[in-house]
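Take a look at the structure set out below.
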Amino acid sequence: MSKAPDLEGLDILVYENDYTSLNQIESDLKNIGADVYAADTFERVVGLLHQTHIEVIIAAIDLVDEQCIEMIKEYKMLHPEVLFYVLAGQEYDSVESSQESVRLVVDDYIKKPLDIIRFARMVETSVGRPEAAGTSLAVIDPLVAKVKPYFIFRSPVMRRTLFHLPQIAASEQAVLITGETGTGKELIARAIHVLSRRSSGPFIPINCGAIPESLIEGELFGHEKGAFTGAVSARKGKFEMADKGTIFLDEIGDMPLNLQVRLLRVLEEGSLYRLGGETLVPVSIRIIAASNADLQKAVDDGLFRDDLYYRLNVLRLNLPPLRERIEDIPLLAVHFLERAFAEMGWPGPYPNLSPETIYLLEHCPWKGNVRELRNLMTRVATLLPKGTGRIFPFHIYTHIDQAARIAPTIDEAHGREGVFIPAGTKLGDVEERLIHETLKLTNGNKTKAASLLGISLRNLRRKLNK
């Protein structure tokens, strides 16, 4: 179990005019040892910064005007180690309209209501507390280093999955790689080839589901001159091209049944007939097959030959989806981002990802797995404004598919449990509690909260300022 966060002795200034939010943040921070200075006016902030050495500043975004930014900028020039966080009640994509001057001094944008444990761990990491050790993205594991050109990981689930990869590569046996689309099956196949004794030979990939059934036989086995109309000369197939190397058959479950018989013969005899040919052609190949479908079910349904399945399923690797290897997401995101910047010719050092951006990435469902993450980071790098030093949530939020966003919509929120209010509670207390819980539901968005409560935004602000 990880150690509870501890901000003992850290001086934190909270600037917020929402009294409910201010009191809650102050209480939560004090509970983990911080020395908290609460301010609900700009004048109070100025006074505190002149009187006290503040180490962390948290300010609500609707209070961060040019005057406030200039003051914090000057304070940071005197105390460069100071951390400045903007507390955003809106969705991350709404924050994009915040002033450019804010982005120059802000360390991160945090959503309301403040998740105190996560925030404390973020601060621990930023100030270099020992409790935050182990958060580095450095890769030092020997197995990881060996396959790093092909696969990047540090998660326990990937370590277990690839633990026997060197032994699998050293073998000459067939390999079956399974996993969802986008998990990196071809990359693993390439790693197996390069780590094997056949590394000096060719690696020939072929997607069995992407070639029309009428063409796949000739594509795999080649053809002799005159084998069919248009065959003006003999042609090698993929199996012959892969001689003394490795052939990778992706989406093997889409291979027609009649070709499965011929593939089985190649596996068993080490030779083949070209289409229209009568002479056996010897081939020395290693077969790696992959599928995102359940081949055992395909066998049960009569769509895949059981003898071929057992011949392919000698050595098996099942790649986990990205959502099950959360520890790898920051590594992969940084890798894809830097690769995209390099391809675009951006000079280093490249912009880095803020902790909240990493948190957002870690909590997306990633239905397209690693491929989806790669595409996202490429889009972000391509459209990022020049001169950006740090990538915040609003930089990537608009590029994430709506279905993948972690913030619940109001319709989804209606399905949550309600608030228990004991009989006899004063109406004023009921109203205050209901407003507070509704603001939590909308992540601090007052406009949405007012709409749910059936009152005007002005009326809500008036009630909050009582």
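Just so it is clear: in the sequence shown, position 114 is 114 by the working numbering, and no numbers are missing.
Backbone N, C-alpha and C fix where the C-beta goes; we use that ideal spot for every residue, glycine too.
Would you say residue i and residue j are within 9 Å of each other, going by their C-beta atoms?
i	j	result
Leu-104	Ser-21	no
Ala-290	Glu-217	no
Leu-114	Asp-28	yes
Phe-239	Val-266	yes
Leu-7	Glu-124	yes
Met-71	Val-102	no
Leu-317	Thr-161	yes
Ala-174	Ile-287	yes
Leu-332	Val-370	yes
Asn-352	Gly-389	yes
Arg-474	Glu-356	Residue 474 lies beyond the stretch modelled for the chain, which goes from 1 to 466, so this question has no answer here.
Ser-171	Leu-315	yes
Ile-25	Ile-116	yes
Thr-442	Gly-89	yes
Need the endpoints of the beta strand (DSSP E) that residue i sits in, please.
i	result
Gly-245	245 to 250
Thr-178	175 to 178
Ile-57	56 to 60
Ala-88	83 to 88
Pro-282	280 to 282
Ala-289	285 to 291
Ser-271	271 to 273
Lys-111	108 to 111
Asp-11	11 to 15
Using only the alpha-carbon positions, how far apart do residue i and residue j sit?
i	j	result
Gly-253	Thr-279	29 Å
Ala-474	Thr-178	There is simply no residue 474 to check, as the chain begins at 1 and stops at 466 in what is shown.
Ala-298	Asp-243	29 Å
Gly-277	Arg-235	11 Å
Leu-10	Arg-339	38 Å
Met-158	Asp-65	46 Å
Gly-415	Gly-424	Caution is warranted here: a pLDDT of 46 is assigned to Gly-415, below 50, making its placement in the model unreliable, and no coordinate value can be reported.
Phe-341	Gly-387	13 Å
His-50	Phe-163	57 Å
Thr-246	Asp-306	23 Å
Ala-60	Thr-382	30 Å
Val-139	Tyr-15	Confidence at Val-139 is low in this model, with a pLDDT of 41, below 50, so the placement of that residue should be treated as unreliable; the coordinate-derived value is given next. Cα-Cα distance, rounded: 39 Å.
Gly-33	Val-194	53 Å
Thr-41	Glu-432	22 Å
Ser-200	Arg-121	48 Å
Met-344	Pro-385	13 Å
Leu-434	Ile-57	29 Å
Pro-202	Met-241	7 Å
Ala-231	Val-281	19 Å
Pro-205	Ser-214	19 Å
Ala-39	Leu-13	7 Å
Arg-461	Asn-17	10 Å
Arg-458	Leu-452	14 Å
Lys-448	Thr-438	9 Å
Ser-155	Glu-327	5 Å
Ile-400	Ile-69	29 Å
Leu-263	Asp-107	58 Å
Phe-228	Asp-250	27 Å
Leu-48	Ile-54	8 Å
Tyr-75	Phe-119	22 Å
Glu-269	Arg-311	13 Å
Glu-372	Lys-426	52 Å
Leu-176	Arg-374	24 Å
Thr-52	Ile-192	59 Å
Asp-35	Ala-293	56 Å
Note the first and the last residue of the continuous alpha helix (DSSP H) segment covering residue i.
i	result
Val-36	Where Val-36 is concerned, there is no enclosing alpha helix (DSSP H), although the beta strand (DSSP E) it sits in stretches over 35 to 39.
Phe-203	Unbroken run through Phe-203 is the beta strand (DSSP E), 203 to 207; no alpha helix (DSSP H).
Phe-119	116 to 127
Asp-306	306 to 312
Val-157	156 to 162
Ser-474	Absent from the structure is residue 474, since the part of the chain shown begins at 1 and ends at 466.
Val-334	329 to 344
Asp-28	19 to 31
Val-64	Premise fails: Val-64 is in no alpha helix (DSSP H) and is neither H nor E.
Asp-429	427 to 441
Glu-372	369 to 383
Glu-153	It should be pointed out that residue 153 corresponds to Phe in this sequence rather than to Glu. Taken as a continuous stretch (DSSP letters only), Phe-153 belongs to no alpha helix (DSSP H), as it is neither H nor E.
His-50	42 to 51
Ser-451	446 to 453
Asn-459	457 to 464
Could you please give me the residues that DSSP links to residue i through a beta bridge?
i	result
Arg-316	Leu-176
Ile-391	Leu-353
Arg-235	His-223
For this session: For the segment 360 to 378 and the segment 319 to 335, state whether three or more C-beta atom pairs, one from each stretch, are separated by less than 8 Å.
Result: yes
Can you confirm whether the segment 247 to 262 touches the segment 201 to 218 when touching is taken to mean that 3 or more C-beta pairs between the two stretches lie within less than 8 Å?
yes
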